[in-house]
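Note that this note's numbering numbers the sequence shown so that position 48 is 49, with each residue one more than the last.
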Amino acid sequence: MEAAAPISTIDCPYCSEPINAKSKKCKHCGEILDPQMREIEFLKTQRHAPQVFMNAGGGAAAAAASGIGTLRRFPHWFHILLSIITTGLWAPVYLLMYLFRNKRYYY
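Below is the structure:
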């Protein structure tokens, strides 16, 4: 009988569980340990993601550019829906302003 060679293990830097030293992905937490494989997965997720961000200007953009914070994604469909809803909410206000306008100055 041959004795099996001992498997060298390391602790996962993300979840601290023991994993094989040659592992490219942690079997416990699913984090990718190989930098090249991590970059490929990141590019795959970015390909289909919309590039609309909440708070894209001002302090949030400056903080994200300096590496302090991150910008949150904001889906296109949700932005369009909110635009339609808020425009619809202003319609009664404009109607009331028209009905109760000062007729001396506005015809």
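Ideal placement from N, C-alpha and C gives every residue a C-beta, glycine not left out.
Nothing here was measured: the structure is a model prediction, and the numbers come from that model.
**Report entry** Sequence-distant residues of the same chain with beta carbon closer than 8 Å to C30, five excluded per side
**Finding:** The answer, listed in chain order, is C13, Y15, C16, E18.
Report task. Count the other C-beta atoms from every protein chain shown that fall within 10 angstroms of the C-beta of I20, then say buried if there are 16 or more, exposed otherwise. Result -> With 16 or more other Cβ atoms within 10 Å, it is buried.
Report task. For E32, I'd like the list of residues in its chain whose CB is within less than 6 Å of its CB, leaving aside the five on either flank, ordered along the chain. Result -> If we look at E32 and ignore the five residues flanking it on each side, its Cβ neighbours are Y15.
Query raised in the report: By Cβ distance below 8 Å, which residues in the same chain neighbour D35 in space, the five residues on each side in sequence not counted?
Result: Closer than 8 Å at Cβ, skipping near neighbours: K25, K26.
Report task. Just the C-alpha distance for T10 and T87, rounded to the nearest angstrom, thanks. Result -> Rounded to the nearest angstrom, the gap between the Cα atoms of T10 and T87 is 57 Å.
Requested in this report: With DSSP as the reference, label P19 as helix, strand or coil.
Outcome: Three-state DSSP puts P19 in a strand.
Report task. Let me know the secondary structure DSSP gives I11 once reduced to three states. Result -> Looking at I11 - three-state DSSP - the assignment turns out to be strand.
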